[in-house]
Structure formats: structure tokens, C-alpha cells
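Enquirer: So that we are looking at the same thing, I have put the structure below in C-alpha cells.
Protein chains: 2
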Amino acid sequence: MPQRDDIVVMKFGGTSVAGPQQIKRAARRIVTAREAGCRVVAVLSARGKSTDELVATAYEISDKPDAREMDMLLSTGERISCALASMAINDMGHKAVSLTGSQAGIVTDSSHTKARIVDVRADRIKETLSLEQIVLVAGFQGVSTDSRDVTTLGRGGSDTTAVALAAALGASVCEIYTDVTGVFSADPRIVPDARKLPVVSYEEMLEMSASGAKVLQLRAVEYARNHAVPIHCRSSFEDLPGTLVLPESETMERPIVTAVTHSDDESRVTVVGVRDEPGIAGLIFGALAEANVNVDVIIQNEPVADDALADLSFTVERGDLPTATEVIDSLGDISNAVRTDERIGKVSIVGAGMRSHPGVAAKVFEVLGEGKINIEMISTSPIKISCVIPADDVPRAVRSIHAAFELGENAIVPEDPTGEHRPTVSG
Amino acid sequence: MPQRDDIVVMKFGGTSVAGPQQIKRAARRIVTAREAGCRVVAVLSARGKSTDELVATAYEISDKPDAREMDMLLSTGERISCALASMAINDMGHKAVSLTGSQAGIVTDSSHTKARIVDVRADRIKETLSLEQIVLVAGFQGVSTDSRDVTTLGRGGSDTTAVALAAALGASVCEIYTDVTGVFSADPRIVPDARKLPVVSYEEMLEMSASGAKVLQLRAVEYARNHAVPIHCRSSFEDLPGTLVLPESETMERPIVTAVTHSDDESRVTVVGVRDEPGIAGLIFGALAEANVNVDVIIQNEPVADDALADLSFTVERGDLPTATEVIDSLGDISNAVRTDERIGKVSIVGAGMRSHPGVAAKVFEVLGEGKINIEMISTSPIKISCVIPADDVPRAVRSIHAAFELGENAIVPEDPTGEHRPTVSG
Numbered sequence: 024m025p026q027r028d029d030i031v032v033m034k035f036g037g038t039s040v041a042g043p044q045q046i047k048r049a050a051r052r053i054v055t056a057r058e059a060g061c062r063v064v065a066v067l068s069a070r071g072k073s074t075d076e077l078v079a080t081a082y083e084i085s086d087k088p089d090a091r092e093m094d095m096l097l098s099t100g101e102r103i104s105c106a107l108a109s110m111a112i113n114d115m116g117h118k119a120v121s122l123t124g125s126q127a128g129i130v131t132d133s134s135h136t137k138a139r140i141v142d143v144r145a146d147r148i149k150e151t152l153s154l155e156q157i158v159l160v161a162g163f164q165g166v167s168t169d170s171r172d173v174t175t176l177g178r179g180g181s182d183t184t185a186v187a188l189a190a191a192l193g194a195s196v197c198e199i200y201t202d203v204t205g206v207f208s209a210d211p212r213i214v215p216d217a218r219k220l221p222v223v224s225y226e227e228m229l230e231m232s233a234s235g236a237k238v239l240q241l242r243a244v245e246y247a248r249n250h251a252v253p254i255h256c257r258s259s260f261e262d263l264p265g266t267l268v269l270p271e272s273e274t275m276e277r278p279i280v281t282a283v284t285h286s287d288d289e290s291r292v293t294v295v296g297v298r299d300e301p302g303i304a305g306l307i308f309g310a311l312a313e314a315n316v317n318v319d320v321i322i323q324n325e326p327v328a329d330d331a332l333a334d335l336s337f338t339v340e341r342g343d344l345p346t347a348t349e350v351i352d353s354l355g356d357i358s359n360a361v362r363t364d365e366r367i368g369k370v371s372i373v374g375a376g377m378r379s380h381p382g383v384a385a386k387v388f389e390v391l392g393e394g395k396i397n398i399e400m401i402s403t404s405p406i407k408i409s410c411v412i413p414a415d416d417v418p419r420a421v422r423s424i425h426a427a428f429e430l431g432e433n434a435i436v437p438e439d440p441t442g443e444h445r446p447t448v449s450g
Numbered sequence: 024m025p026q027r028d029d030i031v032v033m034k035f036g037g038t039s040v041a042g043p044q045q046i047k048r049a050a051r052r053i054v055t056a057r058e059a060g061c062r063v064v065a066v067l068s069a070r071g072k073s074t075d076e077l078v079a080t081a082y083e084i085s086d087k088p089d090a091r092e093m094d095m096l097l098s099t100g101e102r103i104s105c106a107l108a109s110m111a112i113n114d115m116g117h118k119a120v121s122l123t124g125s126q127a128g129i130v131t132d133s134s135h136t137k138a139r140i141v142d143v144r145a146d147r148i149k150e151t152l153s154l155e156q157i158v159l160v161a162g163f164q165g166v167s168t169d170s171r172d173v174t175t176l177g178r179g180g181s182d183t184t185a186v187a188l189a190a191a192l193g194a195s196v197c198e199i200y201t202d203v204t205g206v207f208s209a210d211p212r213i214v215p216d217a218r219k220l221p222v223v224s225y226e227e228m229l230e231m232s233a234s235g236a237k238v239l240q241l242r243a244v245e246y247a248r249n250h251a252v253p254i255h256c257r258s259s260f261e262d263l264p265g266t267l268v269l270p271e272s273e274t275m276e277r278p279i280v281t282a283v284t285h286s287d288d289e290s291r292v293t294v295v296g297v298r299d300e301p302g303i304a305g306l307i308f309g310a311l312a313e314a315n316v317n318v319d320v321i322i323q324n325e326p327v328a329d330d331a332l333a334d335l336s337f338t339v340e341r342g343d344l345p346t347a348t349e350v351i352d353s354l355g356d357i358s359n360a361v362r363t364d365e366r367i368g369k370v371s372i373v374g375a376g377m378r379s380h381p382g383v384a385a386k387v388f389e390v391l392g393e394g395k396i397n398i399e400m401i402s403t404s405p406i407k408i409s410c411v412i413p414a415d416d417v418p419r420a421v422r423s424i425h426a427a428f429e430l431g432e433n434a435i436v437p438e439d440p441t442g443e444h445r446p447t448v449s450g
């Protein structure tokens with residue numbers, strides 16, 4: 024628990040500030056921390072679906088909205104949340120000041136819509152805290168060093184804002200408030216007996232975020248690990264401890280498998296008949312990185328015939344598929360054909376204990392095989408195994424693996440297909 | 024008409040950017056001016072009712088929203104319009120860059136929600152124009168000198184932004200695009216045969232804006248007069264000349280009465296039994312000015328008895344009534360009672376020719392008297408006569424006066440009570 028005079032960064036996601044009632048509830052949380060003696064910096068996301076609505080409006084205007092202007096557009100959502108929360112806090116007898124990303128000193132590069140934080144100049148925040156005031160910071164945004172334009176950090180970037188501020192301010196904890204009560208052993212909407220994890224390591228959380236858990240944004244976890252910022256994922260709707268994300272040495276338990284994660288919003292690109300010569304893969308993935316396309320799983324088949332042509336497959340977020348195919352096309356005559364599979368799923372298991380326990384992969388393949396689920400691609404890390412499978416098989420795969428590794432709160436529970444009495448997982 | 028290489032400032036109001044179709048239409052207008060060789064700076068308002076919606080949300084959160092936070096909140100609307108219009112222009116093959124008030128160099132005092140422009144530092148705009156780019160500026164907002172906080176200029180402040188930029192840039196014209204085709208001899212919704220005025224002088228426009236014409240904001244007209252910025256009020260929906268606002272020497276015709284204006288959103292405050300001693304009125308109106316309450320008509324009855332107590336009445340915008348009564352109450356024991364009349368109307372006639380033609384006032388009083396409309400307060404200037412009357416009598420008063428002075432396009436026209444085929448007047 025944070026102590027008196029500690030700086031605490033509290034981040035509230037979109038569902039936690041969706042409407043006036045939620046904003047007042049978040050304000051009450053912030054005031055409670057302040058009244059406990061903490062110096063509070065709160066980072067807010069845009070209200071509910073407001074960012075989605077702005078994006079939809081942009082696409083009504085333009086098929087390919089200018090990235091700089093997209094940032095000017097989208098950065099307004101978090102400012103609205105902050106101004107409203109500040110009004111609520113001021114009404115509760117505390118002085119709050121809302122700051123834009125720029126005013127808060129979040130300095131980024133110029134990569135519009137996917138900017139990276141290059142510096143945090145927190146002088147104005149420190150000044151405001153020293154006046155005994157509460158600081159509200161518009162998440163997800165910053166200002167570019169060179170052109171002083173508004174930039175955004177990409178979807179879910181508010182987590183990164185919060186962690187970056189916690190690091191810069193030496194906060195004792197970065198609390199991430201969402202509509203879920205913590206990090207679960209699987210998505211409770213799919214696995215009703217999924218268990219809330221009291222503690223996970225940065226490494227596990229990184230793998231989970233990378234493989235579909237939407238509670239925390241990957242970059243935020245990376246930033247927290249690099250700066251040793253303790254994260255506390257908790258519910259904005261109930262006052263219970265959630266999940267702590269900490270260095271591995273401090274985690275309490277080290278199960279072989281911690282969680283099953285999944286995603287069903289990926290697409291696969293297969294470049295057929297790539298010339299098998301040095302530099303081609305570098306050319307392709309360099310160009311994709313240049314275009315800010317995050318590539319997830321990659322496999323390349325060794326050429327079997329004399330013509331030295333290989334097939335190269337990789338997965339990307341579905342939203343990046345048009346850009347990815349454009350990029351490949353722009354590289355000219357490097358292959359015979361490009362095939363895409365728009366709708367691909369992935370199931371992953373993550374656990375720090377896997378490092379020292381062989382046989383986990385074999386068991387996963389066995390479970391999927393028993394379910395007649397076809398594994399199309401495999402990707403592993405020391406603490407994770409991911410299998411690309413047909414998107415429609417994802418829920419069944421998650422349930423089977425979760426049960427096989429006995430990750431649930433109890434072995435046999437009546438299924439709750441509505442999911443109504445379970446928290447939902449979202450970012 | 025603006026010439027090649029001229030700088031033109033084009034301002035589009037809320038209805039002109041209400042939705043994607045309107046935004047594209049405004050973008051097309053802007054591009055047409057650019058393609059004619061002009062260097063274009065466009066100032067945009069927030070979309071349609073979006074500012075009203077933000078205000079309503081603020082009041083769902085707080086009964087008295089913090090003014091600084093209100094500015095942070097409301098300034099987002101114009102940024103959204105600009106970003107969207109910029110996307111549309113970029114799609115049309117021109118390069119456009121949207122700027123916030125702060126980025127555009129609109130420097131104001133710190134009077135939140137009613138800030139005044141103290142400086143325009145247009146370097147970034149000039150730089151962008153010199154790159155052959157179109158500049159879009161979020162209207163209605165600026166940045167405060169001392170605290171570098173976002174400020175807003177008050178409702179309708181985008182007109183002022185446009186005129187201030189036109190002055191700072193030496194623009195050949197400031198075009199104000201709205202959903203009306205120009206300035207009319209009366210509100211066409213009330214007077215079907217109201218006539219579009221080709222030219223009015225700054226002085227007439229000032230009196231008209233002050234007395235209820237919503238086409239142009241008063242402060243914008245004042246700013247234009249002080250800096251000799253020619254204004255062209257025109258329709259964003261049709262490509263016809265509108266109304267030019269120019270110095271008096273340049274105006275073409277000088278009728279005795281140019282227009283009848285009205286308002287029905289005023290309230291009256293009567294301070295009963297004020298001590299009739301020097302300094303009391305100064306105290307009252309000084310305190311009101313301090314609270315940013317704009318007082319319109321003032322009358323004071325001379326005390327008739329020996330107790331030296333007078334009654335002081337004044338009118339304010341209805342929205343300012345609560346603040347006005349609070350201010351009076353805060354002055355302590357200066358009167359016997361304060362009475363308020365929330366709903367008061369006003370009808371005014373404006374005309375530069377009135378200066379040299381006595382008898383206009385008499386004719387107005389006569390017309391109102393014939394209609395049995397009770398005049399409750401009177402206020403005059405060399406080119407204007409205003410009568411405070413019951414709010415419900417306003418439409419009838421406007422029609423009678425407009426007819427009596429023969430201001431219409433033709434003496435007898437069939438009335439169009441729906442007003443559907445007439446433009447509407449709004450700001």
C-alpha cells in the first residue's frame with residue numbers, strides 16, 4: 024500500500040470514465056488517495072467508445088486520414104475526460120488541474136499515431152503537486168520534439184503514459200484501474216472458472232500482453248520493467264486488491280503455467296516463392312517496421328527444390344493487414360505471389376516455470392490434437408508457447424488448455440455461458 | 024474579390040462543419056480559394072451542437088464547473104473540426120495543417136471562458152503559408168500568457184479569432200461563412216420580406232450585433248473596425264455575394280434606418296431603494312464587470328422623496344442572471360431589495376442615417392403604441408434606438424417596425440409562416 028507523501032499514479036481506462044457517474048466514481052477514488060496523504064497524478068483515457076467514434080468520423084471524411092491530423096483529432100478525447108474529472112474533484116473540495124500530454128511534458132518522436140516517448144519533462148507536474156494539487160493528465164498523447172505537434176502513442180497508450188509518469192516521478196506504484204478486477208488465468212468470458220492472479224512477473228505479463236491479454240498494454244509493461252515501476256491492475260468498480268506486476272524475484276508463486284491467453288484479431292500474410300537469398304527477409308521486415316506494422320509470428324519454409332524459392336508467412340494485427348500487403352507490393356518483384364488469410368486466431372500459454380519444465384509444449388499440442396484443432400504456426404519463447412489456429416477454434420482451445428493444466432479456481436464448475444456475472448477483459 | 028497571392032481568412036461556423044458532408048463542402052470552398060491563388064487561413068468552429076453537448080455534460084458533473092477546466096473541455100470541439108477538415112483537404116490534393124489556438128499564436132489574458140486576445144504571434148502560420156500549405160486554425164481559443172493554460176474567448180469567439188488573424192496577417196478580407204446568406208434588415212424567420220443588405224458600416228454592424236443580430240459577434244466587429252479588416256458575411260451553402268462590413272465612407276447607401284434587430288434572451292435586474300450617493304453605481308457596475316457580466320441597458324429613476332433612495336434597473340444576458348444577482352448580494356447592504364425579471368425582450372432599430380434625422384424615435388414609440396406594446400426601458404445611441412418590451416411581444420414589434428420603415432424587399436408579400444424557404448439567422 025502506498026504511504027503518506029508517496030506519489031501515486033492512478034490510470035483510469037475508457038470504461039472507468041465512460042459517463043458522468045463513472046467519472047465521479049473515479050474522482051472519488053482519486054480524492055480518497057489524496058485524503059490518505061498521497062500526492063496523486065491521475066492519467067485518464069477517453070470516455071468509453073469516444074475514440075472509436077472519432078476514428079469512424081475520420082473515415083467518413085477520408086479513406087486514409089492524414090496521420091498528423093488523426094493525432095490532433097484523437098487527442099481531444101482524453102482532454103475531455105480530464106477536464107470533466109477535474110471539475111468533479113474541484114466540487115469535492117480538492118484542487119485539481121488537468122494537463123494535456125504536452126503540458127505534462129510527455130515528449131515523443133514524430134511517428135504520428137504510434138509515437139514513442141523519448142523524454143518526460145515533469146516539471147509542471149512536480150510544481151503542481153508541490154502546491155498540494157491533484158494533477159490529471161490526458162493519456163495516450165504527447166508532443167513531438169521537432170515540430171511541436173500533437174502526437175498519440177497508439178491504442179491503449181494511456182497505460183504507457185501512466186507508467187512513464189510513474190517512472191519519471193518516482194511513484195511508489197502505478198495503479199491501472201479498469202473494468203476487470205485484475206489479471207486472470209484466462210479470459211473469464213471464455214473460461215468461467217478462470218482465476219485472478221495475485222502476482223505476475225513483468226516477464227509473464229509481457230508475454231501475456233503480447234499474446235492477447237488486453238488488461239495491460241505491452242509497451243507499458245516493457246516500460247515498467249525497464250524502470251522497475253510496480254504496477255497494480257485493479258477494478259475501478261470495487262475496492263479489492265487486484266494483480267500486482269513485479270520483478271520476478273518478488274513474485275510469490277512460480278507455477279509452470281500461469282495463464283492461457285488468446286487473440287482472434289490477427290491476419291496472416293504468406294509471401295509465396297520468395298527468392299532464398301541473404302537480405303530478403305531483412306528487406307521485408309525492415310520495410311514493415313518502417314511502416315509501423317507489428318509482426319507477430321514468423322515462419323519460413325526451407326526451399327526443398329533447386330529453384331531456391333521459400334514461402335514466408337507472418338501474422339499481423341488485422342488492422343495492419345492492408346498496410347502490410349501494400350508494403351510487400353511496394354518491394355517489387357521479390358516473390359511469385361502474396362496470399363492473405365484475414366481471420367486467424369492464436370492461443371498461447373505463459374508461465375515463468377516453463378523455463379525449467381520441458382514437456383509443456385508437447386502437452387499443449389496433445390490437447391489441441393485431441394480437440395482436432397489444426398496448428399498452423401508455432402512460436403515459442405522461454406516462458407511462452409503460441410499456436411496459430413483457425414479463429415473459430417480459439418474459445419474451445421483456450422478452455423481445453425486451461426482445464427488440462429488445471430489453472431482454474433476449481434476443477435469442475437457449472438459453465439456461465441452469458442458471462443454476465445464475470446468481469447470482462449478489455450484495455 | 025481577393026486577388027492572387029492575397030491572404031484570405033475564411034471562417035466557418037458550427038452549422039457549416041456540422042457533419043462529414045458539410046466539412047467536405049467547407050474543405051472544397053477552402054481549396055477553391057487556394058486554387059485561385061490565395062494563401063488561405065481557415066478558422067473553424069466546433070461541429071453543430073457539439074459545444075452545447077460538452078457544456079451539458081459538464082453540468083451533469085458539476086453545478087458550477089471550474090472555469091479553467093471548462094476551457095480545457097470546450098477547446099476540443101474546434102480542434103476536432105480542424106483535424107477533420109484538414110483530412111478532407113489533404114484528400115483533395117492540397118496540404119493542410121491544423122493548428123490549435125495556442126499553436127496559431129492566439130495569446131490571451133487569463134480570464135477563463137471569456138478571455139480577451141492580447142497578442143497574435145502568427146509566425147507559425149506565416150511559416151506554414153510560405154510552404155504553400157493551407158492553415159486551419161481552431162477558433163474560439165487561445166493560450167494564456169502567464170500560465171500557458173488553454174483559454175476560450177466566449178461563445179461565438181471564433182469570429183474574433185478569424186478577424187484577429189486577418190488583422191495580424193494583413194489579409195485582404197475576412198470571410199465569415201454561416202448558414203445565412205448575409206446580414207438582413209430583420210430576422211427572416213420573423214419578417215418574411217426581410218432584405219439582404221449588400222453593405223453595412225462597422226458602426227451599424229456593431230449596433231446590430233449588440234442588439235441581437237447573431238450573424239457576427241460584437242467583439243469581432245469591434246476588432247475589425249479597430250484594425251480596418253473588411254468582413255464578408257456569406258453563405259457556406261451557396262456561392263453568392265453576401266454582406267460586406269466596411270468603414271462608413273465606403274458604404275454605398277446611407278438609409279435612415281438599416282435594420283430592425285431583436286433579442287429575447289435577456290433578463291432584467293432591479294435594485295430597489297439604492298442609496299443615492301456618489302460611487303454606488305460605480306460599485307455595482309464595477310463588481311459586475313469584474314465578474315464578466317455584460318450589462319446592456321441601464322436606467323435609474325431619480326429619487327423623488329427626501330430619503331434619497333433610487334431604483335436602478337439593468338438588463339443582462341439571461342445566462343448571466345444568476346451571477347449578476349450573486350454579485351449584487353455580495354455587495355452587502357446597498358439597497359432595500361433586488362427584483363429580477365428573467366424573461367425580457369428587446370427590439371432595436373439601427374441606421375447610420377439616424378444621426379441627421381430626428382423623429383425616428385418618435386415614430387418607433389408610435390408604432391409600438393399602436394400595437395399596445397408596453398415600452399419598459401429605452402436606450403439610444405446616435406445610430407440606434409432600443410426598447411425593452413415584454414418578450415412575448417417581440418415578433419410583433421419587429422414586424423410592425425420593419426413595415427413602418429419600409430425596410431423589406433417589397434411592401435406587401437404573402438407571409439411564409441413556416442419560414443422554410445428563408446435562411447435562418449444564427450451565429
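Residue numbers (my numbering), protein chains in the order written: chain E, 24 to 450; chain W, 24 to 450.
In this text, a Cβ means the ideal position worked out from N, Cα and C, and glycines have one as well.
(1) Beta-carbon of Asp262/W versus every beta-carbon of chain E: anything under 8 Å?
(2) Please decide whether Arg102/W counts as near chain E, where near means a Cβ-Cβ distance under 8 Å.
(3) Indicate whether at least one CB of chain E lies closer than 8 Å to the CB of Lys72/W.
(4) Please name the residues in the segment 176 to 210 of chain W whose beta-carbon is closer than 7 Å to at least one beta-carbon of chain E, in chain order.
(5) If you follow the alpha helix (DSSP H) that Arg422/W is in, where does it begin and where does it stop?
(6) Using the beta-carbon count (16 or more within 10 Å), is Ser170/W buried or exposed?
(7) For Gly37/E and Ile254/W, what's the separation of their Cα atoms in angstroms?
(8) What residue does the beta strand (DSSP E) around Phe337/E start on, and which one ends it?
(9) Could you check whether the Cβ of Ala81/E sits closer than 8 Å to any Cβ belonging to chain W?
(10) Since I believe Ser208/W is in contact with Arg218/W (beta carbons under 8 Å), could you give me their beta-carbon distance rounded to a whole number of angstroms?
(11) So with Cβ pairs under 8 Å, would you call Glu432/E a contact of chain W?
(12) Starting from Gly36/E, trace the beta strand (DSSP E) both ways and give me its first and last residue.
(13) Taking all protein chains shown into account, do 16 or more other C-beta atoms lie within 10 angstroms of the C-beta of Thr74/E, making it buried, or fewer, making it exposed?
(14) Kindly confirm or deny that the segment 121 to 128 of chain W and the segment 25 to 36 of chain W touch, where touching means at least three C-beta pairs closer than 8 Å.
(15) Taking Met231/W as the query, report the chain E residues whose CB atoms sit under 9 Å from its CB, ordered along the chain.
(16) For Ser167/W, is the beta carbon positioned less than 7 Å from some heavy atom of the ligand NAP?
(17) Flag Ala111/W as yes if its beta-carbon sits less than 8 Å from any beta-carbon of chain E, otherwise no.
(18) Which chain E residues sit within Cβ distance under 7 Å of Asp89/W?
(19) Any idea if Lys395/E is buried or exposed, counting beta-carbon neighbours within 10 angstroms, 16 or more meaning buried?
(20) Quick one: what's got a C-beta closer than 7 Å to Ala41/E's C-beta in the same chain, skipping five residues either side?
(21) Chain W partners of Lys386/E, CB-CB under 7 Å?
(22) Hey, how far is the Cα of Glu349/E from the Cα of Ser358/E?
(23) Which complete beta strand (DSSP E) runs does the segment 124 to 154 of chain W hold, if anything under 3 residues is left out?
(24) Does Pro43/E get closer than 8 Å to chain W when you measure Cβ to Cβ?
(25) Please confirm if the segment 242 to 253 of chain E is in contact with the segment 396 to 407 of chain E, defined as three or more CB-CB distances below 8 Å between the two stretches.
(26) Taking the alpha-carbon of Ala194/E as reference, which of Pro43/E, Asp352/E, Asn324/E and Ala145/E has the nearest alpha-carbon?
(27) Taking 8 Å as the limit between beta carbons, can you name the residues of its chain near Arg62/W, skipping five residues before and five after?
(28) Looking at Val339/E: is its Cβ nearer than 8 Å to the Cβ of Val361/E?
(29) What residues match up with Asn315/E in a beta bridge as DSSP calls it?
(30) Which complete alpha helix (DSSP H) runs does the segment 176 to 251 of chain W hold, if anything under 4 residues is left out?
(31) State the CB to CB distance for the pair Met95/E and Thr136/E, rounded to an integer number of angstroms; the pair is presumed to be in contact (CB under 8 Å).
(32) Could you tell me the boundaries of the alpha helix (DSSP H) in which Met93/E lies?
(33) I'd like to know whether the C-beta of Glu92/E is nearer than 8 Å to at least one C-beta of chain W.
(34) Could you give the first and the last residue of the continuous beta strand (DSSP E) run that contains Ser404/W?
(35) Buried or exposed: where does His285/W fall if 16 or more other Cβ atoms within 10 Å of its Cβ makes it buried?
(36) Is the Cβ of Met95/E closer than 8 Å to any Cβ of chain W?
Expert: Judging by the given coordinates:
(1) Against the second sequence, residue 262/W aligns to sequence position 239. Answer no: the Cβ-Cβ gap between Asp262/W and chain E never drops below 8 Å.
(2) Residue numbering aside, residue 102/W sits at position 79 when the second sequence is read from its first letter. With 8 Å as the cut-off, Arg102/W counts as an interface residue toward chain E.
(3) For the purposes of this step, residue 72/W is identified with residue 49 of the second sequence, where counting begins at 1. No, because no Cβ of chain E sits closer than 8 Å to the Cβ of Lys72/W.
(4) Cβ contacts with chain E: none found.
(5) Locating residue 422/W in the second sequence gives position 399, where the first residue counts as 1. First-last of the alpha helix (DSSP H) with Arg422/W: Val417 to Ala427.
(6) Walking along the second sequence from the start, residue 170/W turns up at place 147. So Ser170/W ends up on the exposed side.
(7) Locating residue 37/E in the first sequence gives position 14, counting from the first residue. Locating residue 254/W in the second sequence gives position 231, counting from the first residue. Their Cα atoms are separated by approximately 44 Å.
(8) Residue mapping note: residue 337/E aligns to position 314 of the first sequence, counting from 1. Per DSSP, Phe337/E belongs to the beta strand (DSSP E) from Leu332 to Glu340.
(9) Along the first sequence, read from residue 1 onward, the residue named residue 81/E stands at position 58. Yes, Ala81/E lies at the interface with chain W (some Cβ there is under 8 Å from its Cβ).
(10) Reading the second sequence from its first residue, position 195 is the one you call residue 218/W. Reading the second sequence from its first residue, position 185 is the one you call residue 208/W. About 5 Å separates the two Cβ atoms, so the contact holds.
(11) Residue mapping note: residue 432/E aligns to position 409 of the first sequence, counting from 1. No, its Cβ sits nowhere closer than 8 Å to a Cβ of chain W.
(12) In the first sequence, the residue the question calls residue 36/E occupies position 13. Note, Gly36/E: premise wrong, no beta strand (DSSP E); not H, not E.
(13) Indexing the first sequence from 1 puts residue 74/E at position 51. With 16 or more other Cβ atoms within 10 Å, it is buried.
(14) Touching, no, given that fewer than three Cβ pairs across the two stretches are closer than 8 Å.
(15) For the purposes of this step, residue 231/W is identified with residue 208 of the second sequence, where counting begins at 1. Near Met231/W there are no residues of chain E at all, since even the closest Cβ is about 34 Å away, more than 9 Å.
(16) By its list of ligands, the structure shown contains no ligand whatsoever, and the ligand NAP lies outside what it can speak to.
(17) Counting from one through the second sequence, the residue named residue 111/W turns up at place 88. Chain E, which has a Cβ nearer than 8 Å to the Cβ of Ala111/W, makes this yes.
(18) The residue given as residue 89/W occupies position 66 in the second sequence. Neighbours of Asp89/W on chain E, chain order: Ser109, Met110 and Asn113.
(19) Translated into the one-based positions of the first sequence, residue 395/E becomes position 372. Exposed, since its Cβ has fewer than 16 Cβ neighbours within 10 Å.
(20) In the first sequence, residue 41/E corresponds to position 18, counting from 1. Closer than 7 Å at Cβ, skipping near neighbours: Arg70 and Gly71.
(21) As a working mapping, residue 386/E is identified with position 363 in the first sequence. Residues of chain W passing the Cβ test: none, with the nearest at roughly 51 Å.
(22) Translated into the one-based positions of the first sequence, residue 349/E becomes position 326. Translated into the one-based positions of the first sequence, residue 358/E becomes position 335. So the two alpha carbons sit approximately 14 Å from each other.
(23) As far as the segment 124 to 154 of chain W is concerned, its whole beta strand (DSSP E) runs of at least 3 residues are 129 to 131 and 140 to 143.
(24) Residue 43/E sits at position 20 when you count from the first residue of the first sequence. At least one CB of chain W lies nearer than 8 Å to the CB of Pro43/E.
(25) Output reads no: the segment 396 to 407 of chain E does not touch the segment 242 to 253 of chain E.
(26) Residue numbering aside, residue 194/E sits at position 171 when the first sequence is read from its first letter. It is Ala145/E.
(27) Residue numbering aside, residue 62/W sits at position 39 when the second sequence is read from its first letter. Contacts found: Asp28, Asp29, Ile30, Val31 and Leu152.
(28) As a first step, residue 339/E is located in the first sequence; it is residue number 316 there, counting from the start. As a first step, residue 361/E is located in the first sequence; it is residue number 338 there, counting from the start. Cβ distance not < 8 Å, so Val339/E and Val361/E don't count as in contact.
(29) Taking the first sequence and counting its residues from 1, the one referred to as residue 315/E is at position 292. Its beta-bridge partners do not exist; DSSP assigns none.
(30) Fully enclosed alpha helix (DSSP H) runs of 4 or longer: 180 to 192, 225 to 233 and 241 to 250.
(31) Your numbering for residue 95/E matches position 72 in the first sequence. Your numbering for residue 136/E matches position 113 in the first sequence. In fact, because the Cβ distance is near 11 Å, the residues do not count as touching under 8 Å.
(32) The residue labelled residue 93/E in the question sits at position 70 within the first sequence. Where Met93/E is concerned, the enclosing alpha helix (DSSP H) starts and stops at Ala90 to Asp114.
(33) Translated into the one-based positions of the first sequence, residue 92/E becomes position 69. Closer than 8 Å: yes.
(34) Here residue 404/W corresponds to residue number 381 of the second sequence, with the count starting at 1. Segment Met400 to Ser404, the beta strand (DSSP E) holding Ser404/W.
(35) The sequence position of residue 285/W within the second sequence is 262, counting from 1. The residue is buried, with at least 16 neighbouring Cβ atoms inside 10 Å.
(36) Working through the first sequence from its first residue, we reach residue 95/E at position 72. Chain W contact via Cβ: present.
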